[in-house]
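Notes for the one structure printed next.
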Amino acid sequence: MHSIGVILFKYGKEDIFQKFVKDVLPTTRLLSLPMELYREVVNVRKSLNLDFDDAYQYSIAKYHGLKVVTMDKDFEKIKDVEILFL
Numbered sequence: 032m033h034s035i036g037v038i039l040f041k042y043g044k045e046d047i048f049q050k051f052v053k054d055v056l057p058t059t060r061l062l063s064l065p066m067e068l069y070r071e072v073v074n075v076r077k078s079l080n081l082d083f084d085d086a087y088q089y090s091i092a093k094y095h096g097l098k099v100v101t102m103d104k105d106f107e108k109i110k111d112v113e114i115l116f117l
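See below:
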């Protein structure tokens, strides 16, 4: 949700973001990290050479036992979380 908002706001598409939120939020469960794991995102960023968004998504997936679905080639180096490339 955050990354989609960042991109749409960057291009002045706030109206599309509002429509997206209206359509998606009622059927979506948003996950986050426990506060004590936010520091670990820095270590993930350094050890895997990921940007903040990728390190955060990796950390969320690892903590919650989820897969990452992406088109981002930066995730090719990830071995301990299942990555599904589109």
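For the record, in the sequence shown the residue sitting at position 10 is 41 according to the numbering used here, with numbers rising by one throughout.
Every residue, glycine too, gets a C-beta built ideally from N, C-alpha and C.
Only a predicted model underlies this, so the values are computations on that prediction, with no experimental measurement involved.
So does the segment 78-90 actually touch the segment 53-60, counting three or more Cβ pairs closer than 8 angstroms?
-> no
Find the nearest neighbour of residue 109 within the set 44, 63, 42 and 79, judged by alpha-carbon distance.
-> 79
Have a look at residue 68 and residue 94 and give me their C-alpha separation to the nearest angstrom.
-> Taken atom to atom, the span from the alpha-carbon of residue 68 to that of residue 94 is near 9 angstroms.
For residue 48, collect the residues of the same chain with a Cβ closer than 6 angstroms to its Cβ; drop the 5 residues on either side in sequence, then sort them by chain order.
-> 36 and 39
Quick one: what does DSSP say residue 115 is sitting in, helix, strand or coil?
-> Strand at residue 115.
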